[in-house]
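Chains as they are written, first to last, in numbering that gives the first Met the number 0: chain A, 0 to 297; chain B, 0 to 376. Reading through the structure tokens given below for one structure.
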Amino acid sequence: MLILAAAHQAGWLGQATDLCVEWLLANAQGLFDVIKVSVLALVSVTELVLEWPPAWLFALITAGLGFWRVNGGFALFVLLGFNLVLSMALWSEMIATLSLVLTASGLALLIGLPLGILSARSRLVWRLVRPCLDLMQTMPAFVYLIPAVMLFSTGAVPSILATLIFAMPPVVRLTHLGIVQVPDDLIEAGRSFGCSDRQLLWKVQMPSAIPTVMTGVNQTIMLSLSMVVIASMIGGGGLGDVVLRGIQQLDVGMGFEGGIAVVILAVILDRLSQSFAGRRGSSLQERLRVWMTLWRSS
Amino acid sequence: MQSEISIESVWKLFGRSSSELIEQLRSGTDPERLHANRGVRAAVQDVSMEVRAGEIFVVMGLSGSGKSTLLRMLNGLISPCEGEVIVKGRSLNSMTAQQLAELRRHQMAMVFQSFALFPHRSVLENAAFGLEVAGMARKARTDRAMQALERVGLAAEARKRPRELSGGMQQRVGLARALALDPPILLMDEAFSALDPLIRKDMQDLLLDLQAEHRRTVVFISHDLDEAIRIGDRIALMQDGRLLQCDTAQRLLQHPANDEVKRFFRDVDVASVLTVEAIVQPPHHLSVCDVGEPLPDRGDVTVYVTDRLQHLRGLLRAGLGWVDVAAISTLSAGTSVKDAIDVVATSSEPVPVLDDEKRLLGVISPRHLLLAMEAGG
Chain A
0 MLILAAAHQA GWLGQATDLC VEWLLANAQG LFDVIKVSVL ALVSVTELVL
50 EWPPAWLFAL ITAGLGFWRV NGGFALFVLL GFNLVLSMAL WSEMIATLSL
100 VLTASGLALL IGLPLGILSA RSRLVWRLVR PCLDLMQTMP AFVYLIPAVM
150 LFSTGAVPSI LATLIFAMPP VVRLTHLGIV QVPDDLIEAG RSFGCSDRQL
200 LWKVQMPSAI PTVMTGVNQT IMLSLSMVVI ASMIGGGGLG DVVLRGIQQL
250 DVGMGFEGGI AVVILAVILD RLSQSFAGRR GSSLQERLRV WMTLWRSS
Chain B
0 MQSEISIESV WKLFGRSSSE LIEQLRSGTD PERLHANRGV RAAVQDVSME
50 VRAGEIFVVM GLSGSGKSTL LRMLNGLISP CEGEVIVKGR SLNSMTAQQL
100 AELRRHQMAM VFQSFALFPH RSVLENAAFG LEVAGMARKA RTDRAMQALE
150 RVGLAAEARK RPRELSGGMQ QRVGLARALA LDPPILLMDE AFSALDPLIR
200 KDMQDLLLDL QAEHRRTVVF ISHDLDEAIR IGDRIALMQD GRLLQCDTAQ
250 RLLQHPANDE VKRFFRDVDV ASVLTVEAIV QPPHHLSVCD VGEPLPDRGD
300 VTVYVTDRLQ HLRGLLRAGL GWVDVAAIST LSAGTSVKDA IDVVATSSEP
350 VPVLDDEKRL LGVISPRHLL LAMEAGG
């Protein structure tokens with residue numbers, strides 16, 4: 000009985016955390032309000048921009064981007080996928096999810112990239128940052144939702160902030176890794192031509208690290224998407240909401256539709272962001288030429 | 000000739016270095032023991048040398064001899080524990096980081112064994128790197144980089160990425176990157192060691208051509224003695240962090256300072272290193288007489304005849320009389336012994352060797368030639 004009771008109550012660590020959050024609520028409310036308003040403004044603007052073009056135009060633009068960065072097959076997938084989302088009447092939900100993802104991952108990159116660079120340049124910073132990243136990555140995602148709600152109540156803002164924390168580690172880690180693993184001979188070459196520390200960073204280390212950094216960016220975007228769906232539990236809205244309603248009402252069909260829409264969005268975001276990581280096999284002109292010859296010969 | 004770079008009793012210890020350890024090494028402690036006991040590796044020990052303006056100075060040694068460390072001390076990538084490196088009269092020790100960067104941007108450029116090209120930059124952007132770092136405007140640096148690429152024969156590849164090129168071409172890019180800066184000093188770290196033998200020879204020729212057009216001071220690191228002999232005006236031989244000897248290939252071969260130097264040259268083709276100038280002998284019979292004077296007649300021996308300024312006029316063959324200089328085969332002073340073999344072997348008398356002004360330096364007989372090759376080997 001005693002053990003069971005203990006399992007239901009927070010221990011000393013939990014109580015300390017509670018106290019901490021309470022203290023923050025009592026003393027730093029102003030700061031949280033500022034954060035809340037600015038994040039809300041950011042996500043509203045993003046959503047406004049994404050909602051502005053009609054669905055067909057949005058699909059065409061995305062497909063065009065897909066054709067440029069990936070290939071024709073992917074562009075076709077984008078068109079069919081968006082068509083499916085539209086036919087399931089989930090378009091506005093998808094746009095809501097997308098704006099949450101873009102805002103959260105944008106903020107994660109804004110903080111994560113400089114933090115990664117800083118960790119690569121100073122061993123001390125890395126020693127401090129690393130355990131924090133470990134904590135952020137291994138802590139179950141749901142745990143972030145509780146303080147987020149307490150500090151920012153429900154809605155888009157706590158969803159974005161919980162997502163931000165959950166999704167930031169990969170970009171910090173991979174930026175650090177990318178810079179640290181730049182071959183020594185390139186560093187030496189940079190130095191021997193008279194690079195200052197700053198020139199070395201921007202002309203040698205960062206450009207060499209770009210593929211690795213972009214892998215981190217891709218990971219961050221994908222993690223954001225998965226977290227944004229979970230964050231529907233605190234009123235994040237969007238596709239997660241559809242899935243959540245499916246669970247609550249035991250409506251398999253609705254849950255599946257929401258799930259499929261998430262998958263489509265995930266594939267598109269993944270392939271597009273990945274295309275910036277590595278070099279593409281062939282340039283756009285080459286691929287256009289191949290298509291033209293195929294067109295003529297058929 | 001004035002010295003461009005001078006290295007003065009330079010020491011470099013890797014690991015926990017201290018002046019006390021250097022003192023121990025000075026007094027004859029075995030570096031191996033120091034490594035085993037204290038974990039300190041003595042890479043360069045008490046090396047002094049002068050590099051003269053406009054020469055190709057080869058630092059030659061096997062791996063671990065400290066030659067690459069030495070090269071990196073010339074541009075301050077590694078700073079010596081003790082001793083001084085002086086470039087163009089200025090000591091590197093007293094320079095600030097800013098001054099050192101300026102020195103690297105304008106005075107010296109480096110070419111690497113591993114090429115060390117930037118994979119994210121095109122060939123042209125690689126060649127322009129040094130100029131970009133030095134702050135030159137885009138248009139100007141692109142032009143200069145293009146000129147450098149043209150010089151190494153890679154203008155057509157300017158837009159490609161380095162990894163699309165073969166090893167030899169990549170090193171041409173590395174060379175162009177250095178040449179674009181038009182530096183008075185070139186540092187080449189085993190620059191051609193990673194290339195196939197044929198390509199390596201091409202690159203050596205390219206370097207020699209470049210030197211012929213515009214003399215720079217080149218410090219060239221190599222572990223290949225043939226390469227060192229081929230391109231080096233002077234060679235510094237290093238072993239275990241110490242300088243063994245520093246001189247021209249020919250003098251190293253003829254007057255080795257110790258057995259280690261001798262061992263380096265054991266497998267060298269003596270005939271291609273030695274020049275005839277180094278092995279000439281005075282002729283047995285020499286007559287000095289100006290044009291117009293009556294020729295002496297010695298009857299049974301061959302007499303070489305010069306004027307008072309030592310210009311060879313011709314020779315009197317025993318019993319056959321006067322032969323003018325135009326009709327006899329001669330050798331110029333810089334000819335290698337290898338190239339002289341044919342001439343010496345087919346001549347009926349010792350072949351006269353002339354300097355650039357056609358003055359008689361001496362003669363070479365087949366017997367001398369064989370003895371010299373035997374002694375050198």
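Yeah, the Cβ is synthetic: ideal placement off N, Cα and C, and Gly gets one too. All values reported here derive from a predicted model rather than from experimental measurement.
Can you give me the Cβ contacts of residue i inside the same chain, cut-off strictly under 7 Å, excluding the 5 residues immediately before and after it?
i	result
L205 (chain B)	V151
A179 (chain B)	A126, A127, G129, L130, R143, A144, A147
L97 (chain A)	L49, L264
Looking only at its own chain, which residues have a Cβ that is under 6 Å from the Cβ of residue i, when we skip the five neighbours before and after it?
i	result
F191 (chain B)	R199, M202
F111 (chain B)	D188
G80 (chain A)	I263
G361 (chain B)	V279, Q280, P281, V352
A277 (chain B)	Q249
Mind listing the chain A neighbours of residue i? Cutoff is C-beta to C-beta under 7 Å, in chain order.
i	result
L76 (chain B)	E187, R190, S191
M109 (chain B)	S191
R103 (chain B)	S191, F192, G193
F128 (chain B)	F192
S113 (chain B)	D184
So what does DSSP say about residue i, is it helix, strand or coil?
i	result
Q112 (chain B)	coil
H254 (chain B)	coil
D201 (chain B)	helix
K11 (chain B)	strand
G320 (chain B)	strand
F76 (chain A)	helix
G13 (chain A)	helix
S17 (chain B)	coil
F275 (chain A)	coil
F56 (chain B)	strand
G377 (chain B)	Past the edges of chain B, shown from 0 to 376, lies residue 377 (chain B), and the structure says nothing about it.
E292 (chain B)	coil
V188 (chain B)	With the sequence shown as reference, residue 188 (chain B) is identified as Asp, and Val is not the correct amino acid for it. Correct three-state label for D188 (chain B): strand.
V279 (chain B)	coil
V217 (chain B)	strand
L359 (chain B)	strand
E3 (chain B)	strand
L24 (chain A)	helix
Q309 (chain B)	coil
Whose Cβ in chain B lies nearer than 7 Å to the Cβ of residue i?
i	result
Q198 (chain A)	V132
In chain order, what residues of the same chain lie with their CB nearer than 8 Å to the CB of residue i, ignoring the 5 residues before and after it?
i	result
K202 (chain A)	G189, C194
V300 (chain B)	H283, H284, A317
T153 (chain A)	I233, G234
A135 (chain A)	The question names Ala, but residue 135 (chain A) is Met in the sequence shown. So the list reads I164, F165, M167, P168, once near-sequence residues are dropped.
I230 (chain B)	I55, V57, Q203, L206, L207, F219
V9 (chain B)	V43, D45, V46, S47, L69, M72, P79, E81, G82, E83, V84
Give me the chain A residues within the contact set of residue i, using Cβ-Cβ distance strictly less than 8 Å, ordered along the chain.
i	result
A409 (chain B)	Residue coverage of chain B in this structure runs from 0 to 376, which leaves residue 409 (chain B) outside it and unanswerable.
Could you work out which residues of chain B lie near residue i, taking near to mean beta carbons separated by less than 8 Å?
i	result
S207 (chain A)	F117, P118, H119
V203 (chain A)	F117
Counting only Cβ pairs nearer than 9 Å, list the residues of chain B close to residue i.
i	result
D240 (chain A)	In chain order: nothing, as chain B lies at least about 43 Å away.
Worksheet item: When the Cβ atoms of the segment 63–74 of chain A are set against those of the segment 128–139 of chain A, are three or more pairs found closer than 8 Å?
Response: no
Item to complete: Examine the Cβ distances between the segment 267–278 of chain A and the segment 202–221 of chain A and report whether three or more of them are shorter than 8 Å.
Response: yes
Worksheet item: So does the segment 166–185 of chain A actually touch the segment 52–72 of chain B, counting three or more Cβ pairs closer than 8 Å?
Response: no
Practice prompt. Anything in the segment 187–199 of chain B with a Cβ closer than 7 Å to a Cβ of chain A? List those residues in chain order, please.
Written response: none
Worksheet item: Can you find at least 3 beta carbon pairs, one from the segment 93–113 of chain B and one from the segment 69–83 of chain B, that sit closer than 8 Å?
Response: yes
Discussion item. Any contact between the segment 171–178 of chain B and the segment 132–140 of chain B? By contact I mean 3 or more CB pairs, one from each, below 8 Å.
Written reply: no
Worksheet item: On the three-pair Cβ rule with 8 Å, is the segment 324–332 of chain B touching the segment 349–361 of chain B?
Response: yes
Worksheet item: Does the segment 228–248 of chain A come close enough to the segment 179–187 of chain A to have 3 or more Cβ pairs within less than 8 Å?
Response: no
Worksheet item: With a cut-off of 8 Å, do at least 3 Cβ pairs link the segment 116–127 of chain A to the segment 246–253 of chain A?
Response: no
Worksheet item: Any chance the segment 65–72 of chain B sits against the segment 218–227 of chain B, with 3 or more Cβ pairs inside 8 Å?
Response: yes
Worksheet item: Three or more beta-carbon pairs under 8 Å between the segment 77–87 of chain B and the segment 250–257 of chain B, yes or no?
Response: no
Practice prompt. Mind the definition here: the segment 267–279 of chain B touches the segment 83–95 of chain B only if three or more C-beta pairs lie below 8 Å; say whether that holds.
Written response: no
Worksheet entry | the segment 129–137 of chain B / the segment 154–167 of chain B touching (three or more Cβ pairs under 8 Å) | no
Worksheet item: Does the segment 20–39 of chain A come close enough to the segment 59–67 of chain A to have 3 or more Cβ pairs within less than 8 Å?
Response: no
Item to complete: Mind the definition here: the segment 22–37 of chain B touches the segment 1–9 of chain B only if three or more C-beta pairs lie below 8 Å; say whether that holds.
Response: no
Fill in: Cβ contact check for the segment 242–252 of chain B and the segment 35–49 of chain B: 3 or more pairs under 8 Å
yes
Worksheet item: Between the segment 108–117 of chain A and the segment 248–260 of chain A, do at least 3 Cβ pairs fall closer than 8 Å?
Response: no
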